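If you read the sequence shown in the working numbering, its first letter stands for residue 0, the second for the next number, and so on.
C-beta: ideal position from N, C-alpha, C; glycine also.
As the structure is a computational prediction, the values presented were derived from the model and not from experiment.
Below: the structure, in structure tokens.
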Amino acid sequence: DTRQARNHWGMQRTMVSNLVEGVTEGFTKVLEINGVGYRAQAQGKKLKLQLGYSHDVDLDVPEGIEVKTPDQTTVEISGIDKQAVGQFAANVRKWRKPEPYKGKGIKYRGEYIFRKEGKKK
């Protein structure tokens with residue numbers, strides 16, 4: 000066994016395990032939106048985000064992914080493909096990453112935002 004063969008075996012095992020888990024349980028990422036006036040709304044195959052820009056951000060939801068908004072500040076992204084769910088969640092988050100001073104932005108549930116102190120007079 001070469002080192003490369005062992006690496007490939009581990010990768011294949013993980014991918015098959017993810018496929019099985021995706022079909023049986025599914026994968027879910029939960030995003031939380033913090034900030035005054037920041038909100039999200041799922042409209043069919045579109046996700047409408049209001050993130051403090053002069054325009055609304057409309058994102059097309061890819062095939063095989065389901066988006067729910069239980070309330071205006073929570074977005075639940077679920078599907079059977081771990082990579083696709085994670086990629087779409089990252090695409091949503093990149094529109095407003097959490098900032099360290101007030102913590103405004105879109106973060107994953109359970110993600111810790113390193114907070115900084117503001118300037119002192």
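If we count the other Cβ atoms within 10 Å of its Cβ and call it buried at 16 or more, is residue i buried or exposed?
i: Pro-97; result: buried
i: Arg-95; result: buried
i: Leu-18; result: exposed
i: Lys-103; result: buried
i: Ala-89; result: exposed
Hey, residue i and residue j are a contact pair by Cβ (cut 8 Å); roughly how many whole angstroms apart?
i: Ala-83; j: Ile-64; result: 6 Å
i: Lys-31; j: Thr-72; result: Looking at the sequence shown, residue 31 is not Lys but Glu. About 6 Å; that satisfies the 8 Å criterion.
i: Val-66; j: Val-56; result: Not quite, the Cβ-Cβ distance comes to about 13 Å (not below 8 Å), so this is no contact.
Out of curiosity, what's the CA-to-CA distance linking residue i and residue j?
i: Lys-106; j: Arg-92; result: 7 Å
i: Gly-9; j: Pro-61; result: 29 Å
i: Val-22; j: Ile-79; result: 6 Å
i: Phe-26; j: Lys-101; result: 30 Å
i: Glu-20; j: Lys-120; result: 54 Å
i: Leu-48; j: Tyr-37; result: 8 Å
i: Ala-121; j: Val-29; result: One cannot answer for residue 121 here, as it falls past the ends of the chain, which runs 0 to 120.
i: Arg-12; j: Ser-77; result: 22 Å
i: Glu-24; j: Ser-16; result: 12 Å
i: Lys-115; j: Gln-3; result: 43 Å
i: Gly-34; j: Met-14; result: 37 Å
i: His-7; j: Gly-109; result: 31 Å
i: Gly-85; j: Gly-43; result: 20 Å
i: Lys-45; j: Lys-81; result: 20 Å
Who are residue i's beta bridge partners in DSSP?
i: Ile-79; result: Answer is none; Ile-79 lacks a bridge partner.
i: Lys-28; result: Ile-76
i: Ile-105; result: Ile-32
i: Asp-0; result: According to DSSP, Asp-0 bridges with nothing at all.
> Hey, which unbroken runs of the beta strand (DSSP E) at 3 residues or more fall wholly within the stretch 30-67?
Replying inline: 38-42, 45-49, 56-59
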